[in-house]
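**Q** Structure below; questions to follow.
Printed below as a string of structure tokens:
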């Protein structure tokens with residue numbers, strides 16, 4: 138079946154540090170890949186997505202590139218802020234012909250940014 | 044647009060009680076789903092629906108029922124609550140890209156349920 142593996146943390150960084158959160162996946166074919174963010178007490182918001190190999194998703198200074206050869210979708214940001222403190226989830230939907238099974242999520246990475 | 048709305052935000056039940064978690068969306072999305080979020084487990088799919096009158100089980104369906112009588116609403120019913128159902132519940136909706144393929148999901152704010 139499909140699966141997503143990501144570092145669980147907590148990951149603690151100082152403000153303006155460089156961020157990488159690793160995400161690798163197992164799926165047949167070419168799934169769509171997502172990063173969602175959950176701020177304290179809130180629901181999940183889509184941060185960025187990529188739907189085919191070598192696509193780069195970007196939003197709010199965050200980036201992730203769909204790497205088929207390494208089955209990865211690592212999240213990066215060049216300079217984090219205190220406001221980026223949240224839980225980040227990597228997720229996938231099955232490749233074309235699927236999707237009705239919902240999203241497969243990683244377990245989430247709790248990111249803490251200190252001033 | 045309000046997006047995906049959920050009620051209540053918080054609920055405390057006693058073991059054996061029943062209740063319904065409400066979910067509604069105003070985006071005319073065909074696809075709706077329920078997830079539960081538990082510490083260290085990520086989100087797990089409970090039930091989903093690809094349109095009015097059509098529902099199916101996800102990864103963890105036991106103890107929960109759903110129905111979809113309209114495009115907008117997708118309630119989740121707990122028939123006899125158990126402490127193992129203490130969790131945060133999220134409803135989500137999505138749109139079709141055609142041919143049964145769905146893409147990004149839009150999430151509600153969640154319902155935090157405690158079963159004593």
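Residue numbers (my numbering), protein chains in the order written: chain A, 138 to 252; chain B, 44 to 159.
We put the CB at the ideal spot given by N, CA and C, even for glycine.
(1) Would you call the CB atoms of residue 202 of chain A and residue 193 of chain A closer than 7 Å?
(2) Please list the residues of the segment 147 to 171 of chain A that have a C-beta atom closer than 8 Å to any C-beta atom in chain B, keeping them in chain order.
(3) Taking 7 Å as the CB-CB limit, is residue 245 of chain A close to chain B?
(4) Using a threshold of 7 Å, state whether the C-beta atoms of residue 244 of chain A and residue 101 of chain B are closer than that.
(5) Which runs of the beta strand (DSSP E), 3 residues or longer, sit entirely within the segment 49 to 135 of chain B?
(6) Can you tell me which residues form a DSSP beta bridge with residue 241 of chain A?
(7) Taking DSSP's pairing of strands, which residues face residue 211 of chain A in a bridge?
(8) Name the one or two DSSP bridge partners that residue 194 of chain A has.
(9) Just to check my reading of the structure: residue 53 of chain B and residue 180 of chain A have Cβ atoms closer than 8 Å, yes? What is that Cβ distance to the nearest angstrom?
(10) State whether the segment 62 to 77 of chain B contacts the segment 109 to 118 of chain B, with contact taken as three or more CB pairs (one from each stretch) at a distance under 8 Å.
(11) Can you tell me the Cα-Cα spacing of residue 230 of chain A and residue 241 of chain A, whole angstroms?
(12) Along chain A, which residues have their Cβ under 8 Å away from the Cβ of residue 123 of chain B?
(13) Check each residue of the segment 174 to 200 of chain A: if its Cβ is closer than 8 Å to any Cβ of chain B, include it; give the result in chain order.
(14) Nearest-angstrom Cα distance between residue 197 of chain A and residue 99 of chain B?
(15) Is any beta-carbon of chain B found at less than 7 Å from that of residue 240 of chain A?
(16) What runs of the beta strand (DSSP E), each 3 residues or longer, lie entirely inside the segment 139 to 185 of chain A?
(17) Work out the CA separation of residue 156 of chain B and residue 56 of chain B for me, nearest whole Å.
(18) At the 7 Å Cβ level, is residue 150 of chain B part of the contact set with chain A, yes or no?
(19) Measuring straight from C-alpha to C-alpha, what distance separates residue 251 of chain A and residue 90 of chain B?
(20) In terms of DSSP beta bridges, what is residue 251 of chain A paired with?
(21) Cutting at 6 Å between CB atoms, please list the residues of its own chain near residue 159 of chain B, excluding the five before and the five after it.
(22) Out of A:157, A:153, A:168, A:163, state which residue places its alpha-carbon closest to the alpha-carbon of residue 144 of chain A.
**A** So, from the listed chains and residues:
(1) For this step, residue 202 of chain A is matched to residue 65 along the first chain. For this step, residue 193 of chain A is matched to residue 56 along the first chain. Yes, they are a contact pair.
(2) Interface annotation for the segment 147 to 171 of chain A against chain B: 169, 171, criterion Cβ-Cβ distance under 8 Å.
(3) The count along the first chain starts at 1 and reaches residue 245 of chain A at position 108. Judged by the 7 Å Cβ criterion, residue 245 of chain A is in contact with chain B.
(4) As a first step, residue 244 of chain A is located in the first chain; it is residue number 107 there, counting from the start. As a first step, residue 101 of chain B is located in the second chain; it is residue number 58 there, counting from the start. For residue 244 of chain A and residue 101 of chain B, no; Cβs fall outside 7 Å.
(5) 53 to 56, 62 to 68, 74 to 81, 85 to 94, 97 to 100, 107 to 109, 119 to 121
(6) Locating residue 241 of chain A in the first chain gives position 104, where the first residue counts as 1. Its beta-bridge partners are A:229.
(7) For the purposes of this step, residue 211 of chain A is taken as the residue at position 74 of the first chain. Per DSSP, none; premise fails for residue 211 of chain A.
(8) If you number the first chain from 1, residue 194 of chain A lands on position 57. The partner list for residue 194 of chain A (beta bridge, DSSP) reads A:201.
(9) Indexing the second chain from 1 puts residue 53 of chain B at position 10. Indexing the first chain from 1 puts residue 180 of chain A at position 43. In fact, because the Cβ distance is near 14 Å, the residues do not count as touching under 8 Å.
(10) Pairwise C-beta distances place the segment 62 to 77 of chain B in contact with the segment 109 to 118 of chain B, as three or more of them are shorter than 8 Å.
(11) Your numbering for residue 230 of chain A matches position 93 in the first chain. Your numbering for residue 241 of chain A matches position 104 in the first chain. Going from the Cα of residue 230 of chain A to the Cα of residue 241 of chain A covers about 6 Å.
(12) Here the question's residue 123 of chain B lines up with position 80 in the second chain. In chain A, no part has a C-beta under 8 Å from the C-beta of residue 123 of chain B; the shortest such distance is about 25 Å.
(13) 179, 180, 181, 182, 183, 186, 188
(14) For the purposes of this step, residue 197 of chain A is identified with residue 60 of the first chain, where counting begins at 1. For the purposes of this step, residue 99 of chain B is identified with residue 56 of the second chain, where counting begins at 1. Roughly 36 Å between the two C-alpha positions.
(15) Taking the first residue of the first chain as position 1, residue 240 of chain A is located at position 103. By this cut-off, residue 240 of chain A is an interface position.
(16) List check, beta strand (DSSP E) in window: 140 to 143, 148 to 151, 156 to 158, 160 to 163, 169 to 175.
(17) Numbered from its first residue, the second chain carries residue 56 of chain B at position 13. Numbered from its first residue, the second chain carries residue 156 of chain B at position 113. If you take the alpha carbons of residue 56 of chain B and residue 156 of chain B, they lie about 8 Å apart.
(18) For the purposes of this step, residue 150 of chain B is taken as the residue at position 107 of the second chain. For residue 150 of chain B, the answer is yes, since a Cβ of chain A falls inside 7 Å of its Cβ.
(19) As a working mapping, residue 251 of chain A is identified with position 114 in the first chain. As a working mapping, residue 90 of chain B is identified with position 47 in the second chain. Those two C-alpha atoms are separated by around 38 Å.
(20) As a position in the first chain, residue 251 of chain A is number 114, starting the count at 1. A:151.
(21) Numbered from its first residue, the second chain carries residue 159 of chain B at position 116. For residue 159 of chain B, where only same-chain residues beyond five positions count, the Cβ hits under 6 Å are 57.
(22) The count along the first chain starts at 1 and reaches residue 144 of chain A at position 7. Minimum Cα distance to residue 144 of chain A is reached at A:157.
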